[in-house]
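Encoded as structure tokens, the structure appears first; notes follow it.
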Amino acid sequence: MGRTSMDGTDATIKRTLERNNAMARKTGYVWHEWYGWHDTGTHAGIFPSGGYVQPYQNFESPESKARFAGLVEVSGLLESLTRVAPRQVSDEDLLRVHTAAHVERIRTQSEAGGGDAGDGFSPFGKGSFELAKFAAGGTLAAAEAVLDGVVDNAYALVRPPGHHAEPDQGRGYCLFANVPVAIEALRAQGKVNKVAIFDYDVHHGNGAQKIYWEDPNVLTISVHQDRLFPQDSGLADERGEGPGFGTNLNIPLPAGSGDEAYWRVVEKVAAPAIKSFAPDIIIVSSGFDPSAFDPLGRMSVTSNGFRGVAERLLAIADEVCSGRIVFSHEGGYSAVHVPFCGIAVLETLSGIKTDVEDPFNESVGNSPTKTLTSIQEDVIGQSAELAKQLGMTYGH
Ligand SMILES: [Zn+2]
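Per the working numbering, the very first residue in the sequence shown carries number 7; after that it's consecutive.
Right, dumping it as structure tokens:
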């Protein structure tokens, strides 16, 4: 067995190294073993164990992330990516986004052996203060590599995630707001003026929405399962306020939406909005929990669906910001499916096709989600109208 699999791996590496020069891009990649050491304790999915609830893993475990990183290596794709070294962001970096009280509370609990970031659904163990700074710093390092021209685009496979974290509290497995902390550091360095965030995690990107609610220079777009989490946010009529009015777009899709719905969202909402906004860079909150196999989401997206989303986002980036796009990993809790979804995105970013085939595609390939329902059409149409209004505001 050893001989056969080694031969296969060697052949795979050789093939992936044979780049198609017309398509290949230099893609930065962040991953570090330490990201797997963020300890979310023994839960039964999202609930603490006890009584009749047998102890198990938290859904937010290292598995899906570490196995994604494993497939990147075993497929040979790693050899063709440019490793970008993560670092911890500073306290100063955190304090551009978070309150001093929140930062101190996480630091104190982390030193004392662990705690919860704020909502009872965000447990962490000893040392997660530094780990969470390392996750934000991984996203920042990836964006710097793109903006400095070291790579064309990048994927930061970081943990813990960040898109639910708000200025004064962590939420939904998130301690610090990785993407906004990175953006504010880039702004402080004078590297960017305008940034577009596109969030396809199955849950609402409430953190960026709140942080940039009145900011006209950061466009926040979130497509998510309607009222999944947080249950009271993510509706289409949440558009920002004051100077930031119009620069927040939500597309709350009904449960069951699949590949076609997600592709249509990028084409009909994200593309016109981002093109009229004309950002310096696009940052993607990349959650694979719209996967058909996710334990927390009720969507039907396949790895091919994520590939199609990435292809469309890359085309937008090519048109508006010289291809500058950075993916920062968020949720995604199917340990067995996430690796195939993730590698589909990395293949798209790098323009390199490995010989990895997703065995799960067959079981969901005939799903009726290929045809949009009238409810999905209506939701997307409503947000598309708001995206058009953004175009009128910016006059492009
Ligand atoms: Zn999520």
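The beta-carbon is built from N, C-alpha and C at its ideal position, and this holds for glycine as well.
Worksheet item: In whole angstroms, what separates the C-alpha of Q63 from that of V326?
Response: 42 Å
Discussion item. Please give the ranges of any beta strand (DSSP E) in the stretch 273-310, keeping only runs that are unbroken, at least 3 residues long and fully inside the region.
Written reply: 287-292
Discussion item. Against chain D, does V326 count as a neighbour if the rule is that its beta carbon must be under 7 Å from one of theirs?
Written reply: Of the protein chains in the structure, only one exists, and it is not chain D.
Discussion item. With a threshold of 6 Å (Cβ to nearest heavy atom), would V208 be considered close to ligand 1?
Written reply: yes
Fill in: Three-state secondary structure (DSSP) of Y400
helix
Practice prompt. Please confirm if the stretch 340-357 is in contact with the stretch 177-188, defined as three or more CB-CB distances below 8 Å between the two stretches.
Written response: At 8 Å Cβ cutoff, the stretches do not touch.
Discussion item. Following a CB-centred definition, is G337 positioned closer than 6 Å to any heavy atom of ligand 1?
Written reply: yes
Worksheet item: In whole angstroms, what is the alpha-carbon distance linking A390 and G47?
Response: 41 Å
Worksheet item: If you follow the beta strand (DSSP E) that D97 is part of, which residue opens it and which one closes it?
Response: Per DSSP, D97 belongs to no beta strand (DSSP E); it is in the alpha helix (DSSP H), D97 to L101.
Discussion item. Is G293 a contact residue of ligand 1, with contact defined as CB to any heavy atom under 6 Å?
Written reply: yes
Worksheet entry | A28 versus G34: straight-line alpha-carbon distance, rounded | Model confidence at A28 stands at a pLDDT of 49, short of 50, so the residue's coordinates are unreliable; what they give is reported in the following sentence. When rounded, the distance between both Cα atoms is 18 Å.
Worksheet item: Can A202 and I280 be called in contact, C-beta distance under 7 Å?
Response: yes
Discussion item. Contact defined as beta carbons within less than 8 Å: I believe A142 pairs with G176. What is the distance between those atoms, to the nearest angstrom?
Written reply: Between A142 and G176, the beta carbon gap of about 12 Å keeps them out of contact (Cβ cut-off 8 Å).
Fill in: Reference A171, options R113, K197, Q388 and K216, closest by Cα
K216
Worksheet entry | According to DSSP, residues forming a beta bridge with P54 | Beta-bridge pairing links P54 to H49.
Worksheet item: What does DSSP give as the partner residues of H335 in its beta bridges?
Response: According to DSSP, which records beta bridges pairwise, H335 is partnered with S292.
Worksheet item: Just to confirm, are G250 and W219 a CB contact at a threshold of 7 Å?
Response: A distance below 7 Å separates the beta carbons of G250 and W219.
Worksheet item: Can you tell which of N223, E69, G121 and V208 has its C-alpha closest to the C-alpha of P236?
Response: V208
Discussion item. Give me the DSSP bridge partner(s) of C327.
Written reply: None, per the DSSP bridge assignment.
Worksheet item: Can you pull the DSSP bridge partners for Y161?
Response: Y35 and F333
Item to complete: Could you say if the stretch 297-311 and the stretch 264-279 meet the contact criterion of at least three C-beta pairs nearer than 8 Å?
Response: These segments touch.
Worksheet item: Would you report the Cα separation of D243 and V229, rounded to the nearest angstrom?
Response: If you take the alpha carbons of D243 and V229, they lie about 13 Å apart.
Item to complete: Out of R304, L352, I331 and D300, point me to the one whose CA is closest to V290's CA.
Response: Out of R304, L352, I331 and D300, the CA that lies nearest to the CA of V290 is found in I331.
Worksheet item: Taking contact to mean at least 3 C-beta pairs separated by less than 8 Å, is the stretch 70-90 in contact with the stretch 106-116?
Response: Taking one beta carbon from each stretch, the stretch 70-90 and the stretch 106-116 have fewer than 3 pairs nearer than 8 Å; the two do not touch.
Fill in: Buried/exposed call for A393, threshold 16 Cβ in 10 Å
buried
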